[in-house]
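Residue numbers for the sequence shown follow the numbering used here, so the first one is 49 and each next one is one higher.
Structure record follows, encoded as structure tokens.
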Amino acid sequence: MNLYVGNLPYTTTAEELERLFSQFGGVARTSIVIDAITNRSRGFGFVEMTSGAQEAIDRTNGSEYQGRKLTVNQARPRESRPRMGSQLAGRS
């Protein structure tokens with residue numbers, strides 16, 4: 049199950065996210081979303097769990113991590129959106 053983890057401190061690394069969630073089950077992959085312009089964390093990420101996902105949600109959603117209250121839930125599929133360049137194409 050893929051989990052969305054929001055309201056992360058901007059200094060959180062993928063390795064720290066893996067340590068946090070591995071106590072609940074198997075972690076296949078973690079990622080922190082990085083802003084393309086500033087190259088800094090956007091304050092959220094994803095954890096793909098092979099087991100223990102529901103316990104991880106139950107135990108971490110609303111809990112405090114490094115002074116911030118986490119939002120953790122099952123990730124929704126990514127919406128397909130047109131890229132900015134393609135939205136501008138054809139406009140006069």
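Positions of the beta carbon are idealized from the N, C-alpha and C atoms, including for glycine.
Could you round the C-beta distance between residue i and residue j to whole angstroms and report it? I think they count as a contact, below 8 Å.
i, j, result
"residue 108", "residue 55", "Residue 108 to residue 55, Cβ: 11 Å. No contact."
"residue 113", "residue 51", "In fact, because the Cβ distance is near 14 Å, the residues do not count as touching under 8 Å."
"residue 62", "residue 89", "That belief does not hold up - the Cβ atoms of residue 62 and residue 89 are roughly 10 Å apart, past 8 Å."
Pick helix, strand or coil for residue i, following the three-state DSSP scheme.
i, result
"residue 51", "strand"
"residue 89", "strand"
"residue 122", "strand"
"residue 64", "helix"
"residue 112", "strand"
Tell me, please, which residues DSSP counts as bridged to residue i.
i, result
"residue 94", "52, 79"
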